[in-house]
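Following: one structure in structure tokens, then a few remarks.
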Amino acid sequence: MIKKYDIAVIGASGLVGQKVIEMLFTRKFPLDKLYLFAGAESEGTQIYAGGKIYTIKQTNINDFPNCHFVFMCVNNELSSIFSPILSRKNCIVIDNSSRWRMDREVPLVVPEINAEEIRGQKLIANPNCSTVQLVNALYPLSRKYGIKRIVISSYQSVSGAGYEGLNDLMYSRNKPVAFKKPIISNLIPQIDEFDESGYSLEELKIMRETNKIMKSNIAITSTAVRVPVYYAHGESVNIELSSEFDIRDVISEMQRFENLIVSQDDKTYFTNIDAVGHDQVFVSRIRRDNTVKNGLNMWIVADNIRKGAATNAVQIAETIISQKEQFYEFI
Ligand SMILES: NC(=O)c1ccc[n+]([C@@H]2O[C@H](COP(=O)([O-])OP(=O)(O)OC[C@H]3O[C@@H](n4cnc5c(N)ncnc54)[C@H](OP(=O)(O)O)[C@@H]3O)[C@@H](O)[C@H]2O)c1
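With the numbering used here as the guide, the letters of the sequence shown map in order to residues 756 to 1086.
So, in structure tokens, the structure goes:
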């Protein structure tokens, strides 16, 4: 008989939490009990999933059910408090916030790339949505050619800022809640706060997380822009490979990689709408950049809530189950 697992989702009323619940059923995760938690505002909210009605409870970390996996879909401050407590209790915590991503003790995982790093850890970080789609596209090239430098400009949808971001665009708020300026008819070159270097934290996340996941030392510079689009992020990426390449080989190398949909020619391209509702990363406009040695340009799009967050998190849990005999006998 297939073993089934008890799961808790904290932040179950949020964009990522809701999608995690949907993905557990869509991917036929071996689920036994499902517990849903959020803040005081969502106490009592009912969610219909997998043919049943579940009621969200306010999170009380001191009175938390025993479960095998906890999907943490809340902000950094809450994850700082909840994740260590729950991972000490034999729960495996998969955290969507950026709180633990650069912690040396915590694996930062995209299962297609570095599943082996999970190895018995009980707190695993899910990368930033923009990072997930970037590393999926770059990894096959990094393996074959090596990468020296990347210039990435990301065009990020409002759902990247959760429900408040969606509402700012949906209600054309003149006084936005999630953003510093109105998002309607606008492009905002700021995602998260700026640090003393002038980069935004979102830009730094993409730069640092990419090298951690790929165990590389690529020179990366990044600009992150919020755009008035509901779902999916686009990325214009300029890459300097470490060795010479034939453009047809680049395309076939990427086509062979799991979960990548790659355009065959230089006229067909993918947009946000093509990516929404899918778990694959879409790559197009692949072309040589003749201004540098071994230069390459491409356009990458993916659904930020699915592969960029919920799907990758559920894939991490599936990977852990596949490593059960070796590392996770306690679940
Ligand atoms: N959106 C994306 O594209 C994306 C991608 C990757 C990672 N992430 C990260 O994933 C996390 C969730 O993002 P989101 O977009 O889903 O945000 P969201 O839509 O704003 O949802 C936030 C969730 O946190 C809950 N919450 C608030 N206070 C709480 C408390 N005291 N105890 C327990 N739960 C509480 C909210 O519940 P109430 O409804 O009760 O307030 C809600 O369920 C964030 O760390 C975000 O950075 C987001």
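Ideal Cβ positions, reconstructed from N, Cα and C, are used throughout, including at glycine. This one's a predicted model, so the numbers in the text were calculated from it and none came from an experiment.
Going along the chain, which residues of its own chain have a beta-carbon closer than 8 Å to the beta-carbon of residue i, five neighbours each way excluded?
{"i": "Pro785", "result": "Ile757, Lys758, Lys759, Tyr760, Ile1076"}
{"i": "Ile873", "result": "Pro862, Val864, Ile879, Ile1071, Thr1074, Ile1075, Gln1078, Phe1082"}
{"i": "Ile1028", "result": "Ala987"}
{"i": "Lys783", "result": "none"}
Taking 7 Å as the limit between beta carbons, can you name the residues of its chain near residue i, skipping five residues before and five after?
{"i": "Leu770", "result": "Ser914, Gly917, Tyr918, Ile1060"}
{"i": "Val890", "result": "Val865, Ile868, Thr965, Ile968, Met969"}
{"i": "Asp1058", "result": "Tyr986, Ala987, Ala1030, Val1031, Gly1032, His1033"}
{"i": "Glu958", "result": "Ser977, Thr978, Ala979"}
{"i": "Ala795", "result": "Gln813"}
{"i": "Ser998", "result": "Tyr900, Gly901, Asn1049"}
{"i": "Leu1015", "result": "Asn891, Ala892, Met1009, Gln1035, Val1036, Val1038"}
{"i": "Thr1026", "result": "Val1056"}
{"i": "Asn845", "result": "Phe1085"}
Considering only the alpha carbon of each residue, which of the options lies closest to residue i?
{"i": "Val1036", "options": "Glu999, Pro820, Tyr894, Arg859", "result": "Tyr894"}
{"i": "Arg1043", "options": "Gln773, Asn817, Val1005", "result": "Val1005"}
{"i": "Gln876", "options": "Ser998, Ser838, Ser897, Ser852", "result": "Ser838"}
{"i": "Ser885", "options": "Asn815, Glu1084, Gly1063", "result": "Gly1063"}
{"i": "Val1069", "options": "Gln773, Gly766, Met778", "result": "Met778"}
{"i": "Ala870", "options": "Lys774, Asn1067, Ser853", "result": "Asn1067"}
{"i": "Pro882", "options": "Arg963, Lys807, Ile938, Asn1027", "result": "Arg963"}
{"i": "Ser852", "options": "Leu956, Asp787, Phe934", "result": "Leu956"}
{"i": "Leu1051", "options": "Pro931, Ser897, Asn929", "result": "Ser897"}
{"i": "Ser940", "options": "Val906, Gly805, Tyr954, Met925", "result": "Met925"}
{"i": "Ile1055", "options": "Thr1023, Asn1045, Tyr809", "result": "Thr1023"}
{"i": "Asp858", "options": "Lys960, Tyr809, Phe819", "result": "Lys960"}
{"i": "Asp1020", "options": "Arg856, Gly799, Ser1039", "result": "Ser1039"}
{"i": "Phe819", "options": "Gln1010, Lys774, Ile765, Glu798", "result": "Ile765"}
{"i": "Gly772", "options": "Lys783, Ile811, Thr1046, Ile938", "result": "Ile811"}
{"i": "Ile975", "options": "Ala933, Ser834, Val906", "result": "Val906"}
{"i": "Gly920", "options": "Ser909, Ser908, Pro937", "result": "Pro937"}
{"i": "Pro983", "options": "Ser1007, Asp1001, Phe934, Val1047", "result": "Phe934"}
{"i": "Lys788", "options": "Ala804, Thr800, Gly799, Glu798", "result": "Ala804"}
Could you please give me the residues that DSSP links to residue i through a beta bridge?
{"i": "Gln813", "result": "Ala793"}
{"i": "Gly989", "result": "Tyr910, Val1056"}
{"i": "Met827", "result": "Ile765, Asp850"}
{"i": "Ala880", "result": "Asp850, Leu863"}
{"i": "Val1093", "result": "Here the chain comprises residues numbered 756 to 1086, so residue 1093 is not present and cannot be evaluated."}
{"i": "Ser1039", "result": "Trp1054"}
{"i": "Gln801", "result": "Thr810"}
{"i": "Glu995", "result": "Arg904, Gly1050"}
{"i": "Asp1044", "result": "Gly1050"}
Tell me which residues share the same chain as residue i and place their Cβ nearer than 6 Å to its Cβ, disregarding the 5 neighbours each side in the sequence.
{"i": "Val848", "result": "Val825, Met827, Ser838, Leu841, Ser842, Leu878"}
{"i": "Ala763", "result": "Tyr790, Cys822, Val825"}
{"i": "Gln1010", "result": "Val1017"}
{"i": "Ile816", "result": "Phe837, Ile840"}
{"i": "Ile1086", "result": "His823"}
{"i": "Arg854", "result": "Asn831, Ser834, Ser835"}
How about residue i: is its C-beta nearer than 8 Å to some C-beta of chain B?
{"i": "Glu1080", "result": "Reference to chain B is not applicable here, since this structure consists of a single protein chain."}
Does the structure place the stretch 984-992 close enough to the stretch 939-951 that three or more beta carbon pairs sit under 8 Å? no
How do the stretch 963-981 and the stretch 897-905 stand: do at least 3 beta-carbon pairs fall below 8 Å, yes or no? yes
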